[in-house]
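Residue 595 in our numbering sits at position 75 of the first sequence; the count goes up by one each step and never skips.
Ideal placement from N, C-alpha and C gives every residue a C-beta, glycine not left out.
Below: the structure, in structure tokens.
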Amino acid sequence: MRYSQYFVPTVKETPSDAEVISHQLMLRAGMIRKLAAGIYNYLPLGLRSIRKVEAIVREEMNRAGAIEILMPSVQPAELWQESKRWEKYGKELLRFKDRKDAEFCLGPTHEEVVTDIVRREVKSYRQMPLNLYQIQTKFRDEIRPRFGLMRGREFIMKDAYSFDVDSSAADSSYDRMYQAYRRIFQRCGLNFRAVEADTGSIGGAFSHEFMVLADSGEDAIVSCSTCEYAANVEKAEARPVAPEHAEPRSLERVETPQKRSVEEVTAFLGIPASSLIKTLLVVADGEPLAVLVRGDHDLNEIKLAKVLGCEALEMASEEIVEKVTGAPVGFAGPVGLKVRIVADLATQGMRNFVTGANARDLHYKNVNFDRDFAPERFADIRNVVHGDPCPRCPAGHLELWRGIEVGHVFKLGTKYSEALRATYLDAEGKEQTIFMGCYGIGIGRTVAACIEQNHDADGIVFPIPIAPFHCIVSAVNAKDASVMTAAEGLYRTLTDAGVEVLFDDRDERPGSKFKDADLIGIPLRLVVGSKNLAEGKVELKIRKSGEVSLLPLDEAVEQVKSLVAAALNQ
RNA sequence: CGGGGCGUAGCGCAGCCUGGUAGCGCACCUGCUUCGGGAGCAGGGGGUCGGAGGUUCAAAUCCUCUCGCCCCGACCA
């Protein structure tokens, strides 16, 4: 591709509305442009990288035995009503009506549609296992789209759905996808972790998320320092803490004027936050209840909702707190409370702790379980913290990371096949419910995550497998005929050899060409200048390392070819 | 949904408080010089100041409404 005839609108200044580095660089490198909040145009360079990721995904999905189809974005309400998600999905589901007033939505995911296909066409155990996938535009009307392609409302996703005769066959399908995902993200050159994850609104039995490690990531994940355990903090299990052995002292009410927060109270009393139990009031399916967590720990609402088995869980409003505790917010405590109490495991062994006293400006010291109050149950309902013991091995401790979720695999079980009555006849002629799994990859997000992980002060540093071009040939002086002839020759030779070359034939000053080349992140750069060319040489610069070598033309060609081949065949 | 901020030329911004009919840098066009890390000089084009309404002799500027965009929050005892 000749740069002068291509479309790469780079910009020097960082657009003011871009916050994270990948968003800024994708805008500056002319890869994307915003059309509306969370909705983007893909310009040529951006599209090329996206196509690269898609190609890798396609290869690995096909290798794993999945079969490509393409389903519509526009989906009839009836299917969603059948799965009950028309009501449950909420405002993220973009709904609209056609001219006949029939209701439709733009698909945020395709469980309903794919299950509809399968229930019509799959009748026998002989037709499974079956895994159907597509690469397609999804629409989710996110509360707050942000960070460019990282969290858009319209985005490209690969979604796959597996159909199996029973649970253990479904496990094999799940495992094949899991392994395929590992290969995909390895081939994309990403530093990632596969972590145990909560199943969220999709539902199902268990799942893993594929997280690209990056400080700007929206998710917190943990991994064990010694074993293979890794999980999203939403899901990560906490081990019980060894009990203290202090003798119970007598309960004491202390004045804590204006001290509401954990920090204020513990500082005022001169105790560590771990000696205090905070009492959080929540409303679960309409019922107010109290939740106890150690002062230095945070409540994990997802775990709590699971423990309570409730549908809706929210923090209680100020009014409810005051009504339940009889005190202003900041002084809630478990002693004398009339609502159900659930306590975190880590509080179980605590003795002589501090709590609120359900009265303005008062706390209790030396509170003890059983003597002063008794929670209905102890359960793991907190977020793990850095340094917590690993739940799976005796020696390890948990390390905390930030991650960008680029892929997610779910074992769904029969949630959708039951709702939509997708069944088959087994070898005995008996009707059985199909077992499903679903598997997603955010294509655009993968490109963005890659940039988060691969950039420097000058711009993007693409790994070869998903770079829009492998190599850029920069003709330093476009007016010098010998330079242009040589550069043109390199461009043709490399292109004929299957290397994707962007030929910067623009009549620009060298500085601008170098800046642009760095910004758009092409991994390899051949610089053709009159001085070196007089000696029959060109310069090869590696974007990532900055390494420069002066080579005769034919050697430069061989170098580029072998570097590209090595990167693509790993 | 709550809180905060911003909409002025393609991009980044000033002007607004204290009304008087729009400016800077980059980009773009022309010419000359320059040419290995975002050149210099000279000339030039481009904006119904997000939109609607109001106040006023006069509105980018003041008031009201509205639309769009960005950030934070929606874990707090």
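Extent of the continuous alpha helix (DSSP H) run through Q706: 687-707 is the span of the alpha helix (DSSP H), which, as asked, contains Q706.
Other residues of its chain near C991: CB distance less than 8 Å, five sequence neighbours each side excluded: Sequence-distant Cβ neighbours of C991 in its own chain, meaning closer than 8 Å and more than five residues away, are L1014, V1019, E1020, V1021, L1022, I1042, P1043, L1044, R1045, L1046, V1080, V1084.
Residue span of the beta strand (DSSP E) that contains Q952, given as start and end: 951-953
Contact check, G957 vs G927, beta carbons under 8 Å: No, they are not a contact pair.
For M581 and A700, believed in contact at Cβ under 8 Å, the rounded distance: 6 Å
DSSP state of Q1090 mapped onto helix, strand, coil: coil
According to DSSP, residues forming a beta bridge with E919: S743
Option nearest V528 by Cα separation, candidates T534, A549, E951: A549
Spatial distance of P564 from I552 (CA atoms): 8 Å
DSSP state of Q868 mapped onto helix, strand, coil: coil
Three-way DSSP call (helix, strand, coil) for Y936 in this model: The three-state secondary structure of Y936, taken from DSSP, is helix.
Option nearest A847 by Cα separation, candidates T1005, G876, Y609: Its Cα nearest to that of A847, the residue G876 stands out among T1005, G876, Y609.
With 16 other Cβ atoms within 10 Å as the buried cut-off, status of M731: By the Cβ neighbour-count rule, M731 is buried, with 16 or more other Cβ atoms within 10 Å of its own.
Validate contact between the segment 928-945 and the segment 882-899 using beta carbons, cut 8 Å, 3 pairs: no
R912 beta carbon less than 8 Å from that of C744: In this structure, C744 places its C-beta atom within 8 Å of the C-beta atom of R912.
Distance, A866 Cα to A758 Cα: 8 Å
Residue from E612, F989, V633 whose Cα sits closest to the Cα of I663: E612
CB contact flag (V638, T966, <8 Å): no
Every unbroken beta strand (DSSP E) inside the segment 794-849 [3 residues or more]: 797-804, 807-814, 833-835
Where Q973 sits in the DSSP three-state scheme: helix
M870 versus F788 - alpha carbon distance: Here the alpha carbon of M870 sits roughly 20 Å from the alpha carbon of F788.
N1052, enclosing beta strand (DSSP E) - first and last residue: Looking at the DSSP string, N1052 is not in any beta strand (DSSP E); the run it does join, the alpha helix (DSSP H), is 1050-1054.
Of the listed residues Y645, M648, K643, Y653, nearest to T629 (C-alpha basis): The option with the nearest alpha carbon to T629 is Y653.
Reduced DSSP category for Y526 - H, G, I as helix; E, B as strand; rest coil: coil
Rounded straight-line distance, which links the Cα of C708 to that of K1033: 27 Å
N- and C-terminal bounds of the alpha helix (DSSP H) containing T657: Taken as a continuous stretch (DSSP letters only), T657 belongs to no alpha helix (DSSP H), being part of the beta strand (DSSP E) at 650-659.
Residue from F889, I576, A995 whose Cα sits closest to the Cα of A766: F889
Beta-carbon gap between I840 and P792 smaller than 8 Å: Taking 8 Å as the Cβ cut-off, I840 and P792 do not qualify as a contacting pair.
Pair within 8 Å by beta-carbon distance, E631 and Y936: yes
At least three beta-carbon pairs within less than 8 Å, the segment 584-595 to the segment 606-626: yes
Given 8 Å, three or more beta-carbon pairs between the segment 770-777 and the segment 799-808: The count of Cβ pairs closer than 8 Å, one atom from the segment 770-777 and one from the segment 799-808, stays below three, leaving the stretches out of contact.
Start and end residues, alpha helix (DSSP H) containing I637: 631-641
Among I587, I541, V993, R666, nearest to A556 - alpha-carbon criterion: R666
Own chain residues within Cβ distance below 6 Å of R568, not counting five before or after: P988
Extent of the continuous beta strand (DSSP E) to which V1058 belongs: 1057-1062
Residue range of the beta strand (DSSP E) that includes Q601: From DSSP, Q601 is part of no beta strand (DSSP E) but of the alpha helix (DSSP H) over 597-602.
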